[in-house]
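A.B. asks:
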Amino acid sequence: MELNDELTIKRLNVNDLNPNEELLNYKIILVGDSGVGKTCIIMRAVNNKFTDTYQATVGFEFFLMYFQVNNVKIKLQMWDTCGQEIYRSLIQGFYRNTTATILVYSKTNRSSFDNLGMWIKDIKNNTEQDMPIFLIGNKCDEENRNIVVTKEEGEEYSKQYNLKYFNETSAKNGYNINEIFEEVAKIVYKEYYLKRKSRQQQKIGKMTLEKKEDKDDKDFKKSKKKCC
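For the sequence shown, our numbering begins at 24 and goes up steadily by one.
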């Protein structure tokens, strides 16, 4: 399958999985200022629940989601991180082996948007330079008088920094929550699984060609020796 072919995707639960079946395992980390709704986004995605009483995450929390993209089953390990400044050094050490980052700001909090550059700098300093970054503007359900960051600003910011994906969400009512993680699953499938598979096939093809060239060279030397 080519990278630009259309993908089919569906959400799986644990009962859909065979214990002996191999899953593609990808680590996804959510980052952003404290209070932007990272935990609420994950809880809405995983359990379809929302509450206003979540306490600020201290350290890290770990959640799992499963998808099937075409005929390949994928496990997303989603790590919800604390946004407080005092924990930033811990977060920097936690980027290791991350496949993709979801960077969240709140549409009702201008400083969380202004601080995106700081988070992007941390991401790029601690991960592979071409790692996908998903920019998410949360709390789009709020009434207009509470909105201080427009959708156009988010779109422009995403283009300016050449981020992989941008969308607005509401963890409160579930708007676009499932779409985000489906997109994550599709992109890691294309960016990691298909490209890795393509590189492996190219490597096998190169080895086969080298063996054939080596065999042809040996056959030529044998025939030349016989002729003499």
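Note that the Cβ used here is the ideal one computed from N, Cα and C, for glycine as well.
Mind checking Leu-126: buried by the 16 CB within 10 Å criterion, or exposed?
C.D. replies: Counting from 1 along the sequence shown, the entry for residue 126 is found at position 103. Buried: at least 16 other Cβ atoms inside 10 Å.
A.B. asks: Which partner residues does Leu-53 have in the DSSP bridge list?
C.D. replies: Along the sequence shown, one-based indexing puts residue 53 at 30. Beta-bridge pairing links Leu-53 to Asp-103 and Ile-125.
A.B. asks: Please list the terminal residues of the continuous alpha helix (DSSP H) segment that includes Arg-133.
C.D. replies: The residue you call residue 133 lines up with position 110 of the sequence shown. Where Arg-133 is concerned, the enclosing alpha helix (DSSP H) stretches over 133 to 137.
A.B. asks: Excluding five sequence neighbours on each side, which residues of the same chain lie with their C-beta closer than 6 Å to the C-beta of Lys-130?
C.D. replies: On the sequence shown, position 107 is the one that residue 130 refers to. Once the five neighbours on either side are set aside, the close Cβ partners of Lys-130 are Gly-160, Lys-162, Cys-163, Ile-170 and Val-172.
A.B. asks: Going by Cα to Cα distance, which pick from Asn-138, Gln-91 and Leu-186 is closest to Asn-36?
C.D. replies: Mapped onto the sequence shown, residue 36 falls at position 13. Out of Asn-138, Gln-91 and Leu-186, Gln-91 has the C-alpha closest to the C-alpha of Asn-36.
A.B. asks: Check each candidate in Asn-70, Asn-94, Lys-144 and Pro-155 and name the one with the smallest Cα separation from Asn-120.
C.D. replies: As a first step, residue 120 must be located in the sequence shown, where it is residue number 97. Of Asn-70, Asn-94, Lys-144 and Pro-155, the residue nearest in Cα terms is Pro-155.
A.B. asks: Considering Cα atoms alone, identify which of Thr-104, Phe-86 and Cys-105 is closest to Lys-98.
C.D. replies: Residue numbering aside, residue 98 sits at position 75 when the sequence shown is read from its first letter. Checking every option, the nearest Cα to that of Lys-98 belongs to Phe-86.
A.B. asks: Counting only runs that start and end within the region 159 to 195, where is the beta strand (DSSP E) found for 3 or more residues in a row?
C.D. replies: Runs found: 188 to 191.
A.B. asks: If you drop the 5 nearest sequence neighbours on each side, which residues of the same chain put their C-beta closer than 7 Å to that of Ala-208?
C.D. replies: Residue 208 sits at position 185 when you count from the first residue of the sequence shown. Closer than 7 Å at the Cβ level, and outside the excluded window around Ala-208, lie Ile-32, Phe-90, Val-92, Ile-97 and Leu-99.
A.B. asks: Grouping DSSP H, G and I as helix and E and B as strand, with all else coil, what is Val-95?
C.D. replies: Residue 95 sits at position 72 when you count from the first residue of the sequence shown. In this structure, Val-95 counts as strand in the three-state DSSP scheme.
A.B. asks: Going by beta carbon distance, what residues of the same chain come within less than 8 Å of Val-54, once the five residues before and after it are set aside?
C.D. replies: As a first step, residue 54 must be located in the sequence shown, where it is residue number 31. Lys-61, Thr-104, Gly-106, Ile-114, Thr-124, Ile-125, Leu-126, Val-127, Trp-142, Asp-145 and Ile-146, listed in sequence order.
A.B. asks: Among Thr-122, Tyr-118 and Arg-168, whose alpha-carbon lies nearest the alpha-carbon of Tyr-148?
C.D. replies: Counting from one through the sequence shown, the residue named residue 148 turns up at place 125. Looking at the sequence shown, residue 148 is not Tyr but Asn. Ranking Thr-122, Tyr-118 and Arg-168 by Cα distance to Asn-148 puts Tyr-118 first.
A.B. asks: Measure the alpha-carbon distance for Phe-73 versus Asp-39 and round it to whole angstroms.
C.D. replies: Counting from 1 along the sequence shown, the entry for residue 73 is found at position 50. Counting from 1 along the sequence shown, the entry for residue 39 is found at position 16. Computed Cα separation, rounded: 25 Å.
A.B. asks: Determine the direct distance from the alpha carbon of Arg-168 to that of Gly-177, and round the result to whole angstroms.
C.D. replies: Taking the sequence shown and counting its residues from 1, the one referred to as residue 177 is at position 154. Taking the sequence shown and counting its residues from 1, the one referred to as residue 168 is at position 145. Cα to Cα, the separation comes out at about 18 Å.
A.B. asks: Shortest alpha-carbon distance to Leu-47 belongs to which of Val-95, Phe-83 and Ile-65?
C.D. replies: Residue numbering aside, residue 47 sits at position 24 when the sequence shown is read from its first letter. It is Val-95.
A.B. asks: Mapping the DSSP letters down to three states, classify Met-154 as helix, strand or coil.
C.D. replies: As a first step, residue 154 is located in the sequence shown; it is residue number 131 there, counting from the start. Coil, per DSSP.
A.B. asks: What's the C-alpha gap between Ala-68 and Tyr-198?
C.D. replies: Locating residue 68 in the sequence shown gives position 45, counting from the first residue. Locating residue 198 in the sequence shown gives position 175, counting from the first residue. For Ala-68 and Tyr-198, the distance between alpha carbons rounds to 10 Å.
A.B. asks: Exposed or buried, Lys-50, counting other C-beta atoms within 10 Å across all chains shown (16 or more means buried)?
C.D. replies: One-based indexing of the sequence shown puts residue 50 at position 27. Under this definition Lys-50 is a buried residue.
A.B. asks: Quick one: measure Cβ to Cβ for Lys-182 and Ile-210, integer angstroms, because I've assumed they're closer than 8 Å.
C.D. replies: The residue labelled residue 182 in the question sits at position 159 within the sequence shown. The residue labelled residue 210 in the question sits at position 187 within the sequence shown. Not a contact, Cβ separation roughly 17 Å.
A.B. asks: State yes or no: is the C-beta of Asn-138 within less than 8 Å of the C-beta of Gly-58?
C.D. replies: Locating residue 138 in the sequence shown gives position 115, counting from the first residue. Locating residue 58 in the sequence shown gives position 35, counting from the first residue. No.
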